[in-house]
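Trainee: Please read through the structure below; I'll follow up with questions.
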Amino acid sequence: MPRRSAADVADSRASAVSAAVDLASVEGLEGITIGRLAGELSMSKSGLIGRFGDKEALQRAVLQAAIERFTDAVWRPASAAEPGLARLEAIVDAWIAHLRSGVFRGGCFVTTASVEYDARPGPLHDDVAAAVRRWLGVLTAEAQHARDAGDLPPDRDPADVAFELHSLASGGSVAGRLLGDDAALDRTRAAMRRALGLLP
1 MPRRSAADVA DSRASAVSAA VDLASVEGLE GITIGRLAGE LSMSKSGLIG
51 RFGDKEALQR AVLQAAIERF TDAVWRPASA AEPGLARLEA IVDAWIAHLR
101 SGVFRGGCFV TTASVEYDAR PGPLHDDVAA AVRRWLGVLT AEAQHARDAG
151 DLPPDRDPAD VAFELHSLAS GGSVAGRLLG DDAALDRTRA AMRRALGLLP
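For the record, in the sequence shown the residue sitting at position 142 is 142 according to full-length UniProt numbering, with numbers rising by one throughout.
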């Protein structure tokens, strides 16, 4: 039987990660196991282990892929806007559109992972924390640009702006999914805009 090419192996690994992201968005990263995913993909466990090594490596690959989806949906479109307030406004709009779109069946992936691993030490906790810190850093930098340009009050702490935007988006995602609140994202967008001093 001919050996599979490196490209074939990479493609099958990417397909496995993509399927695992969709599953983990609903069931959490701890719900992802080699056996469960092998069954979903009609693959052998040994074949899947050969692509990832172990459960933790699979989970970390899934988290990274989910972060890439978020980056593609939110940061890359907004990055074309002018730094500062215009970019923050574009981020808010892209963020809400991302949450509405159902890219993740379970809502905001990082919010789910944050709750899952906030009190559970280990590499996944560290990966999730690092991802959140990076995003807060992006938001803080844009808020700093906005303050320097005079678009935010001089006493407005850029880190507070970042924290508020992140908290509102996480809360809005949870309210929409958990409570079935169809208006949650509309309220979230309005609150995020108010945090930036913009009209809802």
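Note that beta-carbon positions come from the ideal geometry of N, C-alpha and C, so glycine has one too.
#1: Give a yes or no on contact between the region 138-147 and the region 95-108, applying the rule of three or more CB pairs nearer than 8 Å.
#2: Considering only residues of the same chain and omitting the five flanking positions on each side of GLY84, which have a CB-CB separation below 7 Å?
#3: Ignore the nearest five residues each way along the sequence and tell me which others in TRP95's own chain have a CB closer than 7 Å to its CB.
#4: Enumerate in chain order the residues of its own chain whose CB-to-CB distance from LYS63 is below 6 Å, with the five nearest sequence positions on each side excluded.
#5: When you compare the CB positions of ASP45 and GLY31, do they come within less than 7 Å of one another, or not?
#6: Would ARG105 and ARG51 be called neighbours here (beta carbons separated by less than 7 Å)?
#7: Determine, using beta carbons only, whether ALA175 and ALA184 come nearer to each other than 7 Å.
#8: Quick one: what does DSSP say SER42 is sitting in, helix, strand or coil?
#9: Could you check where the alpha helix (DSSP H) with ILE32 kicks off and where it finishes?
#10: Taking only the alpha-carbon atoms, compute the straight-line gap between LEU178 and VAL26 and give it to the nearest angstrom.
#11: Return the Cβ separation of GLU116 and LEU29 in integer angstroms, given the expectation that the two are a contact with Cβ distance under 8 Å.
#12: Buried or exposed: which applies to ALA90, given that a residue is buried once 16 or more other Cβ atoms fall within 10 Å of its Cβ?
#13: Using a threshold of 7 Å, state whether the C-beta atoms of VAL21 and ALA66 are closer than that.
#14: Could you compute how far the alpha carbon of ALA157 sits from the alpha carbon of SER42?
#15: Please report the distance separating the alpha-carbon of ASP8 from that of GLU82.
#16: Give me, in chain order, the residues of the same chain whose beta-carbon lies closer than 6 Å to that of PRO200; leave out the 5 immediate sequence neighbours on both sides.
#17: How would you label ARG4, buried or exposed, when you count the other beta carbons within 10 angstroms and need 16 or more for buried?
#18: Please find out if some non-hydrogen atom of the ligand SAH comes closer than 6 Å to the beta-carbon of ALA113.
#19: Taking all protein chains shown into account, do 16 or more other C-beta atoms lie within 10 angstroms of the C-beta of PRO2, making it buried, or fewer, making it exposed?
Mentor: From the atom records:
#1: Under the 8 Å Cβ criterion, the region 138-147 does not count as touching the region 95-108, having fewer than three qualifying pairs.
#2: Along the sequence shown, one-based indexing puts residue 84 at 84. Excluding sequence neighbours, GLY84 sits near GLU142, HIS145, ALA146, ALA149, ASP151.
#3: Here residue 95 corresponds to residue number 95 of the sequence shown, with the count starting at 1. These residues qualify, in order along the chain: VAL74, ALA169.
#4: Sequence index remark: in the sequence shown, residue 63 carries index 63 (1-based). Here residue 63 is Leu; the residue named in the question, Lys, does not match the sequence. A distance below 6 Å between beta-carbons, with the five flanking residues on each side excluded, links LEU63 to the following residues of its chain, in chain order: ASP127.
#5: Locating residue 45 in the sequence shown gives position 45, where the first residue counts as 1. Locating residue 31 in the sequence shown gives position 31, where the first residue counts as 1. Per the sequence shown, the amino acid found at residue 45 is Lys instead of Asp. Going by C-beta atoms, LYS45 is not nearer than 7 Å to GLY31.
#6: Locating residue 105 in the sequence shown gives position 105, where the first residue counts as 1. Locating residue 51 in the sequence shown gives position 51, where the first residue counts as 1. Not closer than 7 Å, so no.
#7: Against the sequence shown, residue 175 aligns to sequence position 175. Against the sequence shown, residue 184 aligns to sequence position 184. Cβ distance < 7 Å, so ALA175 and ALA184 count as in contact.
#8: By 1-based counting over the sequence shown, the position of residue 42 is 42. Of the three classes helix, strand and coil, the one that applies to SER42 here is coil, per DSSP.
#9: To locate residue 32, count along the sequence shown from 1; it is residue 32. Careful: ILE32 lies outside any alpha helix (DSSP H) and carries neither H nor E.
#10: As a first step, residue 178 must be located in the sequence shown, where it is residue number 178. As a first step, residue 26 must be located in the sequence shown, where it is residue number 26. Rounded to the nearest angstrom, the two C-alpha atoms are 12 Å apart.
#11: Walking along the sequence shown from the start, residue 116 turns up at place 116. Walking along the sequence shown from the start, residue 29 turns up at place 29. Taking a contact as a CB-CB distance under 8 Å, the pair GLU116 and LEU29 counts as one, their CB atoms being some 6 Å apart.
#12: For the purposes of this step, residue 90 is taken as residue 90 along the sequence shown, with counting starting at 1. Flag for ALA90 reads buried.
#13: On the sequence shown, position 21 is the one that residue 21 refers to. On the sequence shown, position 66 is the one that residue 66 refers to. Cβ distance < 7 Å, so VAL21 and ALA66 count as in contact.
#14: For the purposes of this step, residue 157 is identified with residue 157 of the sequence shown, where counting begins at 1. For the purposes of this step, residue 42 is identified with residue 42 of the sequence shown, where counting begins at 1. Here the sequence assigns Asp to residue 157, which means Ala is not the residue at that position. The alpha-carbon atoms of ASP157 and SER42 are separated by roughly 51 Å.
#15: Here residue 8 refers to the residue found at position 8 when the sequence shown is read from its first residue. Here residue 82 refers to the residue found at position 82 when the sequence shown is read from its first residue. Low per-residue confidence applies at ASP8: pLDDT is 45, beneath 50, and the placement is therefore not dependable, though the value from the model is reported in the following sentence. In a straight line, the C-alpha of ASP8 is about 41 Å away from that of GLU82.
#16: To locate residue 200, count along the sequence shown from 1; it is residue 200. Excluding positions up to five away in sequence, the list reads ALA190, ARG193.
#17: If you number the sequence shown from 1, residue 4 lands on position 4. Note that ARG4 scores a pLDDT of 48, beneath 50, so its modelled location is shaky and nothing firm can be said.
#18: Of ligands this structure carries none, so the ligand SAH is not represented either.
#19: Locating residue 2 in the sequence shown gives position 2, counting from the first residue. Any answer about PRO2 is weak, because its pLDDT of 44 lies below 50 and its placement is not dependable; what the coordinates show is given next. Exposed.
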